[in-house]
Amino acid sequence: MSLTIGILSIQGDVQENLLSTQTAIDELGIDGNVIDVRKPDDISQLDGLIIPGGESTTIGQLSLVNGSMKILKEKIDAGMPVFGICAGMIMLSKTANDRIVGKIDQPLLDILDIKLERNSFGRQRESFETEISMDSINISKFNGVFIRAPSVSEVGSDVEVLAKFGDKIVAIKKGNVIGTAFHPELVEDVSLHKYFVNLTNTLKN
Amino acid sequence: MLPLSGERLDAKGVVSEKNNLSDILRGTSTLKRGFAHMLKNGVVMDVTNVEQAQIAEEAGAVSVMVLDKLPSEVRKAGGVARTASIRIIEEIMDSVTIPVMAKCRIGHVNEAQVLKETDVDMIDESEVLTPADELRHIWKWDFTTPFVNGARSLAEALRRIEEGAAMIRTKGEPGTGNVAEAIKHIKKVNDELRTIKSIYDSGDNQDLVRMAREFKVSYDIVEQTAKLGRLPVVNFAAGGIATPADAAYLMSLGCDGIFVGSGIFNSDDAKERARAIVLATTFWNESDKVKEAQKMIDERQSMLGLDVNTLELRMQDRGGSA
Chain H
3 MSLTIGILSI
13 QGDVQENLLS
23 TQTAIDELGI
33 DGNVIDVRKP
43 DDISQLDGLI
53 IPGGESTTIG
63 QLSLVNGSMK
73 ILKEKIDAGM
83 PVFGICAGMI
93 MLSKTANDRI
103 VGKIDQPLLD
113 ILDIKLERNS
123 FGRQRESFET
133 EISMDSINIS
143 KFNGVFIRAP
153 SVSEVGSDVE
163 VLAKFGDKIV
173 AIKKGNVIGT
183 AFHPELVEDV
193 SLHKYFVNLT
203 NTLKN
Chain D
110 MLPLSGERLD
120 AKGVVSEKNN
130 LSDILRGTST
140 LKRGFAHMLK
150 NGVVMDVTNV
160 EQAQIAEEAG
170 AVSVMVLDKL
180 PSEVRKAGGV
190 ARTASIRIIE
200 EIMDSVTIPV
210 MAKCRIGHVN
220 EAQVLKETDV
230 DMIDESEVLT
240 PADELRHIWK
250 WDFTTPFVNG
260 ARSLAEALRR
270 IEEGAAMIRT
280 KGEPGTGNVA
290 EAIKHIKKVN
300 DELRTIKSIY
310 DSGDNQDLVR
320 MAREFKVSYD
330 IVEQTAKLGR
340 LPVVNFAAGG
350 IATPADAAYL
360 MSLGCDGIFV
370 GSGIFNSDDA
380 KERARAIVLA
390 TTFWNESDKV
400 KEAQKMIDER
410 QSMLGLDVNT
420 LELRMQDRGG
430 SA
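Keeping their order, the protein sequence lines are chains H and D. Plus 2 on top of the position in the first sequence (first one is 1) and you've got this note's numbering. Plus 109 on top of the position in the second sequence (first one is 1) and you've got this note's numbering.
Structure (structure tokens):
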């Protein structure tokens, strides 16, 4: 059976994720395709989903409007692999606090038991690139692009820490759910997208 | 994919430092252009105070642009329009979680530096304010903060990108509530892109050199753009957008997102209109949703709008020849 991975296409850098995922599928030689999805019916057909970078308040509010929030939550709870990038990781969390504004009341999927801080490294001028290691998933060197990025300060007992930058957690995994504070779709290295495609493929077969 | 790295080796805006024993880089082209990529399919709203900024955030805006006066008020007030009060920009930065942009005058390097120090997320070198230097725009490679610039044509857009702009907005005529100029300019840019793409596909390099001379830009950027068949940075539409249908139409012409200036907070139904324009931008290709969005607003509450042919002040022309 052919694998179908979706990129949630509400707002943000959907195109970049389509390309990185397609490259990952091609390099792995897996029978699969990647599509942009927005409507609940399309989401229900997926084997795996990437929630891209963007503005989490916008993505959250608009996925409530067209009913995709509900089906996303159901599918992920039922075991569909999901990869949340930056805003996508915020979407997966239980609660979000902003570094300056504090507690924010925004629609979230409530999948990961993590304590998350938005805009954790500061504003755009403080956005940065640096080398990240995710040894537990055999990616020892990865160029992390952090854009007004969030970070995680505490994780629940079932959440695995994949990478840290200083004392801040910047990549996490819980079963079939992955979240990164940085943007793997903005670099040429598709190893993280490959990891996610493999994870989705293993689960399907 | 859009090329993220277009770095100049002499870019002073790129800062390298050591932090927690690792090397980190700030202000790279990837970070600046990448920031604009995160705004795609979104709406950036002009605001003049905290209350408006919060309405914008609640409506689902991806960012707010802080001005002293809305473009339509600038038009009415006359005189010199400058960057907004720093205190108001800071108040807004402290009260919303979405990125905050602010405008500086064309060519006004130090006004931009003030905004950089204020820590705004993006600087708009904007024709809505009175230009400070008609001959030279800011050399944006020297800033760690990304810039957005306006353009009415492909040549203007490429000149701004060569100066370091990380994002383009095709200009309309600001503060008019009339979308005609925005439509005209995005169509012009699209036509010009098709032209250089077909020259590129035909393999006629001499003709691309001719285009580069005509555009007053380097051959490299013309070749790169021709190969892509689109602007090499994120491109939003701006100027005169007042209704959900306006926004949806511009999205359908290939814009990556929308700037709304006076159209929202000059209307009498700002809250509903802000929300409706966001919905129409997101779901622009689902006509039933655009209709629902349009239904949320009342045309009797729309800003009156101006005929662009009878305007005394054409903001779009400012800085365009440089």
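We put the beta carbon where it would ideally sit given N, CA and C, even for glycine.
Would you call Asn43/H buried or exposed, if buried means 16 or more other Cβ atoms sit within 10 Å of its Cβ?
Per the sequence shown, the amino acid found at residue 43/H is Asp instead of Asn. Exposed, because fewer than 16 other Cβ atoms sit within 10 Å of the Cβ of Asp43/H.
Mind reading off the beta-carbon distance from Val399/D to Ala431/D? Whole number of angstroms is fine, and I expect it under 8 Å.
Not really, about 37 Å apart at Cβ, beyond 8 Å.
Counting C-beta neighbours from all protein chains within 10 Å, is the total for Lys212/D 16 or more, i.e. buried, or is it exposed?
buried
What residues of chain D sit near Glu162/H, judged by a beta carbon separation below 7 Å?
Correct list: empty, because the minimum Cβ distance to chain D is about 21 Å.
How would you write the range of the alpha helix (DSSP H) that Lys296/D sits in, first residue to last?
289–311
Less than 8 Å between the C-beta atoms of Leu64/H and Leu94/H, yes or no?
no
What residues in its chain sit with their C-beta under 7 Å from that of Gly443/D, if we drop five residues either side in the sequence?
Absent from the structure is residue 443/D, since the part of chain D shown begins at 110 and ends at 431.
Note down, one range per segment and in chain order, each alpha helix (DSSP H) of at least 4 residues found wholly within the segment 7–50 of chain H.
16–30, 42–45
Give the interface partners of Phe144/D over in chain H, defined as CB-CB distance under 9 Å, in chain order.
Gln126, Ser129, Ile149, Arg150
Quick check: what's the CA-CA separation for Gln333/D versus Asp119/D?
20 Å
If contacts are defined as beta-carbon pairs under 8 Å, then Ile305/D and Leu317/D qualify, I think. What distance do you get, rounded to the angstrom?
7 Å
I'd like to know if Val1/H contacts chain D, where contact means its C-beta is closer than 8 Å to some C-beta of that chain.
Lying outside 3 to 207, the shown extent of chain H, residue 1/H is not represented and no answer is given.
In DSSP terms, what Thr227/D is bridged to:
Paired residue(s): none; Thr227/D is not in a bridge.
Jot down the residue ranges of each uninterrupted beta strand (DSSP E) in the segment 71–129 of chain H, minimum 3 residues, whole runs only, in chain order.
84–87, 95–100, 114–120
Taking the alpha-carbon positions, what's the Arg303/D to Val157/H distance?
Those two C-alpha atoms are separated by around 51 Å.
Using the beta-carbon count (16 or more within 10 Å), is Lys325/D buried or exposed?
exposed
Express the C-alpha separation of Glu29/H and Leu5/H in angstroms, rounding to a whole number.
A straight line joining the alpha-carbon of Leu5/H with that of Glu29/H spans about 15 Å.
Scan the segment 43–64 of chain H for residues whose Cβ lies nearer than 7 Å to a Cβ of chain D and list them as they occur along the chain.
Gly55, Gly56, Glu57, Thr59, Thr60, Gln63, Leu64
Gly366/D - containing alpha helix (DSSP H), residue span:
From DSSP, Gly366/D is part of no alpha helix (DSSP H) but of the beta strand (DSSP E) over 366–369.
In this structure, does DSSP put Val399/D in helix, strand or coil?
helix
Check whether the Cβ of Leu10/H lies closer than 8 Å to any Cβ atom in chain D.
no
Could you tell me which chain D residues have their CB closer than 7 Å to the CB of Thr132/H, listed as they occur along the chain?
Ser131, Asp132, Ile133
Considering only residues of the same chain and omitting the five flanking positions on each side of Gly115/D, which have a CB-CB separation below 6 Å?
Apart from the 5 residues on each side of it in sequence, Gly115/D sits with its Cβ closer than 6 Å to the Cβ of Ser138 in its chain, given in chain order.
Taking the alpha carbon of Thr25/H as the point to measure from, which residue in Leu205/H, Lys170/H, Leu194/H, Thr204/H has its own alpha carbon closest?
Ranking Leu205/H, Lys170/H, Leu194/H, Thr204/H by CA distance to the CA of Thr25/H puts Leu194/H first.
Indicate the three-state DSSP secondary structure (helix, strand or coil) for Val89/D in the structure shown.
Here chain D comprises residues numbered 110 to 431, so residue 89/D is not present and cannot be evaluated.
Taking just the CA atoms, how far does Asp79/H sit from Ile270/D?
45 Å
Going by the CB atoms, is the gap between Ile106/H and Ala98/H shorter than 8 Å?
By the CB criterion at 8 Å, Ala98/H and Ile106/H fall inside the cutoff.
Taking the C-alpha atoms as reference points, what is the distance between Leu267/D and Met360/D?
21 Å
Using DSSP bridges, identify the partner residues of Glu162/H.
Lys175/H
Ile373/D and Met154/D - do their beta-carbons sit closer together than 8 Å?
yes
Which term fits Phe189/D, buried or exposed, when burial requires 16 or more other beta carbons within 10 angstroms of its beta carbon?
The sequence given here has Val at residue 189/D, not Phe. By the 10 Å Cβ count, Val189/D comes out exposed.
Can you name the start and end residues of the beta strand (DSSP E) that Val199/H belongs to?
First-last for Val199/H: 193–206, but that is the alpha helix (DSSP H), not the beta strand (DSSP E).
Any idea which residues DSSP pairs Ala211/D with across the strands?
Val175/D, Ile232/D
Residue range of the unbroken alpha helix (DSSP H) whose run includes Arg135/D
That residue, Arg135/D, is in no alpha helix (DSSP H); its beta strand (DSSP E) goes 131–135.
Which residues bound the alpha helix (DSSP H) around Glu332/D?
Element bounds for Glu332/D: 328–337.
Determine which residues share a DSSP beta bridge with Ile277/D and list them.
Asn258/D, Asn344/D
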